[in-house]
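These notes are about the structure you will find just below.
2 protein chains.
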Amino acid sequence: MSWSRVMPARPVVAVAGVTGAVGIEMLKTLEQRGFPASRVVALASSRSAGKRLPFANGELIVEEMTESSFEGVHIALFSAGAAVSKAMAPAANAAGCVVIDNSSAFRMDDTVPLVVPEVNASDLAWHSGVIANPNCSTIQMVVVLSPLHEIAPIRRVVVSTYQATSGAGQAAMDELYDQTRDFLEGRELAPAAFAHRIAFNCIPQIDVFLNDGSTKEEWKMVVETKKIMHAPQVEIAATCVRVPVLRCHSECLNIEFEADVTVAEARAALESASGITVIDDPVSLSYPMPALLEGSDDVYVGRLRADESVSHGLALWIVADQLRKGAALNAVQIAEALLPR
Amino acid sequence: MSWSRVMPARPVVAVAGVTGAVGIEMLKTLEQRGFPASRVVALASSRSAGKRLPFANGELIVEEMTESSFEGVHIALFSAGAAVSKAMAPAANAAGCVVIDNSSAFRMDDTVPLVVPEVNASDLAWHSGVIANPNCSTIQMVVVLSPLHEIAPIRRVVVSTYQATSGAGQAAMDELYDQTRDFLEGRELAPAAFAHRIAFNCIPQIDVFLNDGSTKEEWKMVVETKKIMHAPQVEIAATCVRVPVLRCHSECLNIEFEADVTVAEARAALESASGITVIDDPVSLSYPMPALLEGSDDVYVGRLRADESVSHGLALWIVADQLRKGAALNAVQIAEALLPR
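Line by line, the protein sequences are chains A and B.
Just so we're aligned: 158 in my numbering is position 158 of the first sequence, and the numbers increase by one with no gaps anywhere.
Numbers in my numbering are just positions in the second sequence, counted from 1, shifted up by 1000.
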């Protein structure tokens, strides 16, 4: 059963979880892209109700999210955690509101499309009220894999991530800053947002451990990629690592294709793909780096080279702003794709 | 032609480049391990001559290194850059002094053994006056690959590194600290030791670029590993990345074997190998991390799990102190292996 409600040209949009790191970025993204909302409703927990947030030339007053918050709302961008999404999505749908959910609540639900517009916008056709936004580390990877998979089928991907603290929310970003300052000043450290010290450290664990020794973040990169790309046959090995970086995730990819792909062919495919910028000039020491790319929208690719350790191998390095393409921007792009043509 | 001089039980040892980050660590390592030196000679450039360095219960006065510095010296640990090694090694050898060289000057010279004592101590038998200490990122990897290669031949390794600033010397370590403080205080940043900002950033380039789009650091990990392990057939794909960490390198390894290796077999082989400590307990969120392991001697292994994306695959995460096992300790271990039994 797919969704039959008609989307108006100027819908009412709610942002649920509007005071979080992603929620704030969702508001900013709606404004910057001139999303044609007739009205924006700012929703959060009762703790934040009454808070004022700047938006466009005015401000929004945060309302407490309840089951009746979605009357008259056409699109709700959810980023308040999986439990809230599960609790509130039915009420939103019952009110005729499409949910674009940034949590993991519905991503692997067979009845819910998991969408990165550059890759599988066509899956929006069969949604029935809920559309899932993929995990941040998955989004930036599939944006890059998809145009390459079109020139030659991908057999296997080995990915190692260098993930920013923003993926764990505003408190985690603050912890990196505050803890780094404490460390430099010789004060005692008390990790809270992370299990271990993050200042000047790498933590090879993101999300909880699963029984097979992998983490849930690593599992997400595997199963979400297959679903988004409609490619269950692509093999993926992921290791996810938190690094002391603020808000851009980096990923090192070793890709094995079924047939030969030259570096020139790969570069041409990436350069002509939507949502990708290639920064790759060894002579000027140019390659994507988190410090360069905060607040940017594209997925940036560099260090393109043959991987001679395997037949048909290619290696590359990608960076994207976790809060933008990895979360808020992808959700807003999905909302844009729902607008009438 | 191999070396025929007899090594005394209490040799005179010189440390050449004694004021650098590795040189200081070499002195510390000689002292901590109770190396039976009858005398330690501290050598550096004229700039540092006369400087006093604490050693054992006394101090050493730094002497300017010249071609005549090696008279009466039996073992010289060099860490003053490739140009100095090339210029001074012949004079040292002529004086009867064995050179253990931490630079890249001789590593790929077919007449020079490249040695990690846990892996190929037997190659010391054919040295002719110069023994090369491998690159730091290579050392910690081969310590781990070697015992695994013994239980099943390794076909291919994909490695992504998370390398500390210590690998670029004391000035680079200082730059990470100072630049991080400047960044937190909103001051302007002026990268010097690195091509780009390192504070809260990842730089996907270590050493210079080669024509094939790889870097020299990546090339070193490939060719040095094959030489040390006597395994030209092992395929290696490396991506080397600098992260804002002080002095421990981390590496993510995806290993493909010729035959099946269970996680339990791999763990047992690693636990019984010399120079390795396994820290791997998901329940207590225990795994190796740079912040835990500064100043430690072993190579630490964790996140051991099957890599189901390929036949006979294994994934793991390793951390070692770049200045210890990655440089000074390995050199001192080589010196120890040269002592008469």
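In this text, a Cβ means the ideal position worked out from N, Cα and C, and glycines have one as well.
Source: prediction; values computed, not measured.
Proximal residues of chain B, C-beta to C-beta of residue i below 9 Å
{"i": "Gly-213 (chain A)", "result": "Val-1263, Asp-1280, Pro-1282, Arg-1303, Leu-1304, Arg-1305, Ala-1306, Ala-1315"}
{"i": "Ser-250 (chain A)", "result": "Cys-1202, Pro-1204, Val-1241"}
{"i": "Asn-254 (chain A)", "result": "Val-1158, Ser-1160, Ala-1237, Thr-1239, Asn-1254"}
Distance CB(residue i)-CB(residue j) smaller than 8 Å
{"i": "Leu-1184 (chain B)", "j": "Arg-242 (chain A)", "result": "no"}
{"i": "Lys-216 (chain A)", "j": "Val-208 (chain A)", "result": "yes"}
{"i": "Ser-103 (chain A)", "j": "Ser-128 (chain A)", "result": "no"}
{"i": "Ala-1320 (chain B)", "j": "Ser-1079 (chain B)", "result": "no"}
{"i": "His-1312 (chain B)", "j": "Ala-291 (chain A)", "result": "no"}
{"i": "Phe-1070 (chain B)", "j": "Leu-1027 (chain B)", "result": "no"}
{"i": "Pro-1244 (chain B)", "j": "Pro-8 (chain A)", "result": "no"}
{"i": "Leu-43 (chain A)", "j": "Glu-25 (chain A)", "result": "no"}
{"i": "Leu-114 (chain A)", "j": "Ile-228 (chain A)", "result": "yes"}
{"i": "Ser-1146 (chain B)", "j": "Glu-1118 (chain B)", "result": "yes"}
{"i": "Gln-163 (chain A)", "j": "Cys-240 (chain A)", "result": "yes"}
{"i": "Ala-335 (chain A)", "j": "Phe-35 (chain A)", "result": "yes"}
{"i": "Ala-1269 (chain B)", "j": "Leu-1124 (chain B)", "result": "no"}
{"i": "Ala-199 (chain A)", "j": "Leu-176 (chain A)", "result": "yes"}
{"i": "Arg-1010 (chain B)", "j": "Ala-1037 (chain B)", "result": "yes"}
{"i": "Val-158 (chain A)", "j": "Val-1158 (chain B)", "result": "yes"}
{"i": "Ser-286 (chain A)", "j": "Asp-280 (chain A)", "result": "yes"}
{"i": "Glu-1235 (chain B)", "j": "Ser-309 (chain A)", "result": "yes"}
{"i": "Ala-1023 (chain B)", "j": "Val-1015 (chain B)", "result": "The amino acid at residue 1023 (chain B) is misidentified as Ala; the sequence shows Gly. Yes, the Cβ-Cβ distance between Gly-1023 (chain B) and Val-1015 (chain B) is below 8 Å."}
{"i": "Arg-1267 (chain B)", "j": "Ser-214 (chain A)", "result": "no"}
{"i": "Ile-100 (chain A)", "j": "Asn-135 (chain A)", "result": "no"}
{"i": "Glu-1218 (chain B)", "j": "Ala-1238 (chain B)", "result": "yes"}
{"i": "Arg-247 (chain A)", "j": "Ser-122 (chain A)", "result": "no"}
{"i": "Leu-1338 (chain B)", "j": "Ile-1061 (chain B)", "result": "no"}
Chain B residues whose Cβ lies nearer than 8 Å to that of residue i
{"i": "Ala-195 (chain A)", "result": "Leu-1285"}
Beta-carbon neighbours of residue i, restricted to chain A and to distances below 9 Å
{"i": "Pro-1290 (chain B)", "result": "Phe-200, Asn-201, Cys-202"}
Closer than 8 Å to chain D by CB, residue i
{"i": "Leu-1270 (chain B)", "result": "Within the model displayed, chain D is absent; protein chains A and B are what it includes."}
Chain A residues whose Cβ lies nearer than 7 Å to that of residue i
{"i": "Phe-1209 (chain B)", "result": "Pro-282"}
{"i": "Val-1245 (chain B)", "result": "Phe-200, Asn-201, Cys-202"}
{"i": "Gln-1170 (chain B)", "result": "The premise fails here: Gln-1170 (chain B) is roughly 16 Å from chain A at the closest Cβ pair, so nothing lies under 7 Å."}
{"i": "Gln-1205 (chain B)", "result": "Leu-285, Tyr-287"}
{"i": "Val-1299 (chain B)", "result": "The contacting residues do not exist; Val-1299 (chain B) stays about 15 Å from chain A at best."}
Per-residue contacts from residue i into chain A (C-beta, under 8 Å)
{"i": "Tyr-1177 (chain B)", "result": "Leu-184"}
{"i": "Ser-1296 (chain B)", "result": "Near Ser-1296 (chain B) there are no residues of chain A at all, since even the closest Cβ is about 14 Å away, more than 8 Å."}
{"i": "Val-1310 (chain B)", "result": "Arg-156, Glu-235, Ala-237"}
### Query
Given 8 Å as the limit, is there contact between the segment 1270-1282 of chain B and the segment 1295-1304 of chain B, that is, 3 or more CB pairs closer than that?
Taking a cut-off of 8 Å on C-beta distances, the segment 1270-1282 of chain B touches the segment 1295-1304 of chain B, as three or more cross pairs fall below it.
### Message
If we require 3 or more residues per run, which beta strand (DSSP E) segments fall completely within the segment 154-238 of chain A?
### Response
154-162
### Task
Would you list, in sequence order, the uninterrupted alpha helix (DSSP H) runs of no fewer than 4 residues that lie entirely inside the segment 1012-1046 of chain B?
Within the segment 1012-1046 of chain B, the runs of alpha helix (DSSP H) that reach at least 4 residues and sit entirely inside it are, in chain order, 1021-1032.
### At least 3 beta-carbon pairs within less than 8 Å: the segment 1247-1263 of chain B vs the segment 1130-1140 of chain B
yes
#### Entry: Residues of the segment 224-238 of chain A with Cβ closer than 7 Å to any Cβ of chain B, in chain order
Glu-235, Ile-236, Ala-237
### Task
Pair every Cβ in the segment 1166-1173 of chain B with every Cβ in the segment 1253-1269 of chain B, then say whether three or more of these pairs are closer than 8 Å.
Contact fails: fewer than three Cβ-Cβ distances are below 8 Å.
### Message
Output needed in chain order: residues of the segment 113-141 of chain A with a Cβ under 9 Å from some Cβ in chain B.
### Response
none
### Query
At a Cβ cut of 7 Å, what residues of the segment 181-192 of chain A count as close to chain B, listed as they run along the chain?
Listed in sequence order: Arg-181, Leu-184.
### Cβ-based contacts, 7 Å cut-off: residues of the segment 142-167 of chain A near chain B
Arg-156, Val-158, Ser-160, Tyr-162
### Message
In chain order, what are the residue ranges of uninterrupted beta strand (DSSP E) at least 3 long that sit wholly in the segment 297-333 of chain A?
### Response
299-306, 313-321
### Message
In chain order, what are the residue ranges of uninterrupted alpha helix (DSSP H) at least 4 long that sit wholly in the segment 94-140 of chain A?
### Response
117-120
### Query
Can we say the segment 151-163 of chain A touches the segment 330-340 of chain A, given the rule of at least three CB pairs closer than 8 Å?
no
### Task
Entirely within the segment 252-305 of chain A and at least 3 residues each: give me those beta strand (DSSP E) ranges in chain order.
If you keep only unbroken beta strand (DSSP E) runs of at least 3 residues inside the segment 252-305 of chain A, you get 276-278.
### Query
Just by C-beta distance, which residues in the segment 24-51 of chain A are closer than 7 Å to chain B?
none
### Query
What residue ranges within the segment 1058-1095 of chain B form continuous beta strand (DSSP E) runs of no fewer than 3 residues, ordered along the chain?
Correct list: 1058-1061, 1075-1078.
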